[in-house]
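Enquirer: Counting with UniProt numbering, you get residues 1 to 298 for the letters of the sequence shown.
In this text, a Cβ means the ideal position worked out from N, Cα and C, and glycines have one as well.
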Amino acid sequence: MDQALEVFVTVVEKGNFTRAAEELLMTQPAVSQYVQALERSVGTKLLDRTNKYVRLNKAGEIVYHHAKEILGLYTRMNSLVDDLMHRAGGNLSIGSSYTFGEYMLPHLIAYMREHYPLIRPTITIGNTTEVAEMILRHEADIGIVEGDYHDEKLHIEAFAEDEMVVMVPRDGRYDHLQELALSELANETWIVREAGSGTREATERMFTRYGVHPEHIVEFGSTQLIKESVEAGLGVTLLSRWVVRKEVQLGTLHMLAPNGKPVARQFSWITQKTPYHTKAVEVFLELLHQRRGFPKEV
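Here is the structure:
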């Protein structure tokens, strides 16, 4: 691997040469020499520098983007070769959408850590679009996304069905009901996730399916904030049954099936299109399909 690329990426992400030198256990002049050598190699300056900051210029943005991919591929190559001689272990980078990542993945990771202690997982949470972009940029080994996501550059495979239900406040209006025509909630304030979220996609698909067009919509980027807002009486929402397990058990929120049946969607895993996976990824995929460590549903 060209060490100049690693040094350059570290300088960019740390924001200056001094912090990069500390991270890499190098002297600051050595870091500068590596960056200068890379700039000579590509034939142009890559950084705008002052005494206070280091910033990428246009050429630097191109090099940084590709350097991240090169370093990711190099790490992956070493992991695959190392796996030929060792049991499942090493780093496992997981990108996950909010519903699965915040409410199901912790249980799965706990099970994996107990049975495969040599695997070292790291988790990044984002919406479905952000997770897919992480895989495309080689920033994660595997991603978990919600809903109907398609990308010809990625391998996408469904592994579980998710049921989504309408959540309403415990204010007496709906407490006696288990199901309700969605049209009866058209005048409510609907609290929805941001564009790019699998939950937002499922909500809009539900509105279209039942011909409902709410006049009042509030958009929040946090599932926990949405639950708290519904509990406070701000409005109603559509969420996964996994997300509201505790609130339903505690009785702080009330669950309704829209038009008598939950809204169904898929959880899918995504990877690069390749026949080669590290043993850590293979173990994780096996646990996904076996549902090992999954919490109990409501």
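#1: In whole angstroms, give me the CA-to-CA distance for E23 and E6.
#2: Helix, strand or coil for F284 per DSSP?
#3: Out of R209, M206, I191, which has the shortest C-alpha to C-alpha gap to I226?
#4: Taking the straight line between their C-alpha atoms, what separation do you get for S97 and A257?
#5: What distance in whole Å lies between the Cβ atoms of S268 and E157, which are believed to be in contact at a cut-off of 8 Å?
#6: Report the residue ranges of all alpha helix (DSSP H) runs contained in full by the region 24-91; include only those spanning at least 4 residues, in chain order.
#7: Within a Cβ cutoff of 8 Å, which residues of the same chain sit near T27, ignoring the five residues on either side of it in sequence?
#8: Taking its Cβ as the centre, do 16 or more other Cβ atoms sit within 10 Å of L47, making it buried, or is it exposed?
#9: With a threshold of 8 Å on Cβ separation, who are the neighbours of A264 within its own chain once the five nearest residues in sequence on each side are excluded?
#10: In three-state DSSP terms, what is M206?
#11: When DSSP labels each residue in this structure, what does E161 get in the three-state scheme?
#12: Run through DSSP, which three-state label would V298 get?
#13: If you drop the 5 nearest sequence neighbours on each side, which residues of the same chain put their C-beta closer than 6 Å to that of E201?
#14: Exposed or buried, residue 299, counting other C-beta atoms within 10 Å across all chains shown (16 or more means buried)?
#15: Are there 16 or more other CB atoms within 10 angstroms of the CB of N127, so buried, or fewer, so exposed?
#16: Check whether the region 217-226 and the region 275-290 are in contact - that is, three or more C-beta pairs closer than 8 Å.
#17: Can you name, in chain order, every residue of its own chain whose Cβ lies under 6 Å from the Cβ of V298, other than the five neighbours on each side?
#18: Give the secondary structure of P117 by DSSP, where H, G and I count as helix, E and B as strand, and everything else as coil.
#19: Mapping the DSSP letters down to three states, classify A110 as helix, strand or coil.
#20: What does DSSP give as the partner residue(s) for T169 in the beta ladder?
#21: Just confirm the distance between the C-beta atoms of P169 and E231, as a whole number of angstroms; I'd bet it's less than 8 Å.
#22: For I95, which beta-bridge partners are listed by DSSP?
#23: Count the CB pairs spanning the region 67-82 and the region 127-147 that are closer than 8 Å, and state whether there are at least three.
#24: What whole-angstrom Cβ distance do T199 and T99 have, given they're in contact under 8 Å?
#25: Is it the case that the Cβ atoms of G260 and E179 are separated by a distance below 8 Å?
#26: Taking a contact to mean a Cβ-Cβ separation below 8 Å, would you say T122 touches S79 in this structure?
Expert: Working from what's here:
#1: Straight-line measurement puts the Cα of E6 at about 11 Å from the Cα of E23.
#2: It is helical.
#3: Residue I191 is the option with its Cα nearest to I226.
#4: Each residue's alpha carbon lies about 23 Å from the other.
#5: The pair is a contact, with the Cβ atoms about 6 Å apart (cut-off 8 Å).
#6: Counting only runs that start and end inside the region 24-91, the alpha helix (DSSP H) elements of at least 4 residues fall at 28-42, 58-83.
#7: Counting only Cβ-Cβ distances below 8 Å, and skipping sequence neighbours, we find A21.
#8: That one is buried.
#9: Spatial neighbours of A264 in its own chain (CB-CB distance under 8 Å, excluding positions within 5 residues in sequence) are listed in chain order as E161, D162, E163, M164.
#10: Of the three classes helix, strand and coil, the one that applies to M206 here is helix, per DSSP.
#11: Of the three classes helix, strand and coil, the one that applies to E161 here is strand, per DSSP.
#12: Low per-residue confidence applies at V298: pLDDT is 48, beneath 50, and the placement is therefore not dependable, though the value from the model is reported in the following sentence. Assigned with DSSP and collapsed to three states, V298 falls in coil, not helix or strand.
#13: Closer than 6 Å at the Cβ level, and outside the excluded window around E201, lie G147.
#14: Since the displayed the chain opens at 1 and closes at 298, residue 299 lies outside it and no answer follows.
#15: A residue is called buried once 16 or more other Cβ atoms fall within 10 Å of its Cβ, and N127 is buried on that count.
#16: Judged by Cβ distances under 8 Å, the region 217-226 makes no contact with the region 275-290, as fewer than three pairs qualify.
#17: A caution first: V298 carries a pLDDT of 48, below 50, which makes its placement in the model too unreliable to give a value.
#18: In this structure, DSSP gives P117 a state outside helix and strand, which the three-state scheme calls coil.
#19: A110: helix per DSSP, three-state reduction.
#20: Before going further, note that residue 169 is Pro rather than Thr in the sequence given. Partner residues in the beta bridge of P169, as assigned by DSSP, are L253.
#21: Indeed, because the Cβ distance is near 6 Å, the residues count as touching under 8 Å.
#22: According to the sequence as given, residue 95 is Gly; it is not Ile. The beta-bridge partner set that DSSP reports for G95 consists of T124, G143.
#23: With a cut-off of 8 Å, the region 127-147 and the region 67-82 count as touching, because enough Cβ pairs lie within range.
#24: The Cβ separation is near 6 Å, so the contact holds.
#25: Cβ atoms of G260 and E179: closer than 8 Å.
#26: Taking 8 Å as the Cβ cut-off, T122 and S79 do not qualify as a contacting pair.
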